[in-house]
Amino acid sequence: MSTDKKYLTTSTGAPVGDNQNSITAGHRGPTLIQDVHLLEKLAHFNRERVPERVVHAKGAGAHGVFEVTNDLSKYTKANFLSEVGKKTPMFIRFSTVAGELGSADTVRDPRGFAVKFYTDEGNYDLVGNNTPIFFIRDAIKFPDFIHTQKRNPRTHLKDPNMVWDFWSHSPESLHQVTYLHGDRGLPATLRHMNGYGSHTFKWVNEQGEGVWVKYHFISDQGVKNMDEALAGKLAGENPDYHIEDLYNAIEDGDFPSWTLYVQIMPLEDANSYRFDPFDVTKVWSHKDYPLVEVGKMTLNKNPENYFAEVEQATFSPGNFVPGIEASPDKMLQGRLFAYSDAHRYRVGANHNALPINASKAPVHNYQRDGQLRFDGNGGGAPNYEPNSYNGPVETPENKIAPFEVSGFADSVAYDHNDHYTQAGDLYRLMSPEERTRLVNAVVGGLQGVEKDEIKLRQISHFYKADPEYGTRVAEGLGLQVPQNV
Ligand code: HEM
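Residue numbering for the sequence shown follows full-length UniProt numbering, beginning at 1 and increasing consecutively.
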């Protein structure tokens with residue numbers, strides 16, 4: 001057999017004699033079950049899909065590098081942030097939230113901004129969005145919220161009644177609803193939007209001292225948004241517009257980059273700040289906690305294979321490295337469970353061994369077996385610990401920084417309940433033109449709602465954020481602001 005050309009094989013490596021004609025009994029006879037190449041080809045094809053992500057199904061990925069530009073090692077012992085000039089390979093996946101795998105890119109929706117840093121101490125995932133806040137602030141509400149963003153169980157249509165019913169009953173969503181219906185709800189491209197960790201995280205230094213941080217990736221391309229009419233047109237004409245733009249930019253060597261900043265809050269400020277700094281529906285004032293530069297992320301390589309890299313990528317907010325820890329944010333706490341659970345279901349128990357997810361630092365542990373264990377499975381090394389055979393041992397210097405907890409275990413809301421001040425501040429920050437576009441977008445969304453009761457409840461929230469905001473939405477809908485607001 002000639003070796004200068006690759007020859008086709010079965011998945012078990014045997015050469016294939018005919019890949020065009022199935023084996024039949026005579027020229028007109030039925031197909032033989034003996035044609036195992038045909039059977040395997042059809043059977044494998046039937047299993048090509050894994051379940052799509054239950055949220056953030058449609059996405060684009062890219063490889064890149066993160067380089068430290070400012071030494072913040074007095075705040076965190078995270079090795080990948082330890083010195084100026086240190087470079088860490090990374091992978092990012094951008095996504096829309098509500099749509100399915102084939103849905104349009106240019107819809108009004110938050111965008112996922114999930115970054116995996118392959119650090120010398122294992123993978124650190126920052127699974128954020130292009131919004132610094134979120135619609136809800138307790139994980140227990142997430143499945144209900146997402147149901148309203150997906151399809152109506154009866155009609156299988158997107159349903160504004162569900163969306164606004166939920167939002168109007170959940171005033172904590174007002175800030176993000178305002179953000180989403182503003183210009184940033186329709187980014188021009190994935191390159192022209194910022195990314196945020198959204199939650200508060202804890203950084204811990206070598207001395208075990210902590211600070212609270214919030215992450216901001218600011219686009220070096222600048223923030224650009226898309227006109228609503230163009231977004232609608234593109235959604236029909238080129239539903240993959242954002243994926244295509246990112247792919248082409250990287251392919252053309254026009255590498256997009258983001259500068260990473262953090263806001264840093266002393267631990268004790270969390271006890272006295274004017275709202276709860278762990279509440280993900282709120283931003284921290286930049287005057288109180290200015291942005292401090294950390295480094296630069298540059299995307300410089302497209303995936304070689306979409307399924308292997310983008311679809312099989314598994315990001316978890318629980319993937320921390322020493323020096324970065326969770327905060328008591330009730331949403332973050334729920335997410336610490338939800339992602340790895342999704343990955344075990346969606347990709348399999350050994351998803352972390354797949355090339356796109358595998359740590360570039362060595363992995364030594366006592367996990368064994370499971371479906372599709374393809375990495376040698378620990379070979380003959382001991383599979384229990386403690387042991388007398390020189391197996392890997394824990395490193396106490398990498399324990400989390402202990403923190404105090406107090407109070408009664410109970411199901412309680414955050415102590416601070418002001419859902420209106422920051423939503424109103426955001427409205428007042430907008431230019432007159434953007435306010436008009438915001439009101440139009442909100443009115444456009446609410447117009448499809450059948451019950452006036454829902455519209456009026458939502459108008460009351462807008463009014464409480466800013467009387468002008470509520471009045472203009474009411475006018476747009478041909479309604480009056482309720483008297484009892
Ligand atoms: C994806 C759950 C809140 C950002 C996902 C997935 C689940 C999930 C199950 C699919 C994971 C997969 O199949 O790989 C939750 C829950 C939340 C929550 C339970 C609240 C308690 C948030 C928030 C953000 C966020 C607040 C942003 C700040 C993302 C992103 C992805 C994602 C970016 C896509 C990751 C990727 O590209 O693979 N979420 N989520 N989620 N979520 Fe959340």
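We put the beta carbon where it would ideally sit given N, CA and C, even for glycine.
Computed from a predicted model, the values in this text were never measured in an experiment.
Check: For the beta strand (DSSP E) that TRP203 lies in, which residues bound it at each end?; Outcome: 201-204
Check: Beta-carbon separation of VAL177 and PHE142 under 9 Å?; Outcome: no
Check: Since THR106 contacts LEU186 with CB under 8 Å, what's their CB separation in whole angstroms?; Outcome: 7 Å
Check: Would you kindly report the start and end of the unbroken beta strand (DSSP E) that includes GLN263?; Outcome: 257-266
Check: To the nearest angstrom, how far is the alpha carbon of ALA25 from that of LEU32?; Outcome: 7 Å
Check: Is PHE91 helix, strand or coil by DSSP?; Outcome: strand
Check: Grab me the residues of TRP213's own chain with a C-beta within less than 6 Å of its C-beta, minus the 5 sequence neighbours each way, in chain order.; Outcome: Sequence inspection shows Val at residue 213; the Trp mentioned does not correspond to that position. Around VAL213: PHE201, TRP203, VAL262 and ILE264.
Check: To the nearest angstrom, how far is the alpha carbon of ASN123 from that of MET297?; Outcome: 16 Å
Check: To the nearest angstrom, report how far apart TRP167 and GLU83 are at their CA atoms.; Outcome: 44 Å
Check: Which residue or residues does DSSP assign as beta-bridge partners of LYS301?; Outcome: HIS63
Check: Check whether the Cβ atoms of MET430 and GLY222 lie closer than 9 Å to each other.; Outcome: no
Check: So what does residue 489 bridge to, in DSSP terms?; Outcome: Residue 489 is absent from the structure shown; the chain starts at 1 and stops at 485.
Check: Could you check what DSSP says for GLU293 in three-state terms: helix, strand or coil?; Outcome: strand
Check: What whole-angstrom Cβ distance do SER219 and THR131 have, given they're in contact under 8 Å?; Outcome: In fact, because the Cβ distance is near 14 Å, the residues do not count as touching under 8 Å.
Check: Can you tell me where the alpha helix (DSSP H) with VAL36 in it begins and where it stops?; Outcome: 36-46
Check: Just how far apart, CA to CA, sit GLU40 and TYR118?; Outcome: 36 Å
Check: Tell me the DSSP secondary structure of GLU83 in three-state form.; Outcome: coil
Check: So does the stretch 328-345 actually touch the stretch 86-103, counting three or more Cβ pairs closer than 8 Å?; Outcome: no
Check: Verify the contact flag: GLY128, CB atom, against every heavy atom of the ligand HEM, threshold strictly below 8 Å.; Outcome: yes
Check: Look at the Cβ atom of GLU206, then the Cβ atom of ALA361, and state whether they are nearer than 9 Å.; Outcome: no
Check: Are at least three pairs of beta-carbons, each pair with one atom in the stretch 144-161 and one in the stretch 444-452, less than 8 Å apart?; Outcome: yes
Check: What did DSSP end up calling TYR247 once you bin it into helix, strand or coil?; Outcome: helix
Check: Output the distance between the C-alpha atoms of ILE140 and PRO402, rounded to the nearest integer angstrom.; Outcome: 26 Å
Check: Check whether the Cβ of PHE134 lies closer than 8 Å to any heavy atom of the ligand HEM, and answer yes or no.; Outcome: yes
Check: Cα separation between ASN350 and THR314?; Outcome: 11 Å
Check: From what residue to what residue does the alpha helix (DSSP H) around ARG53 run?; Outcome: Segment: none, ARG53 is in no alpha helix (DSSP H) and carries neither H nor E.
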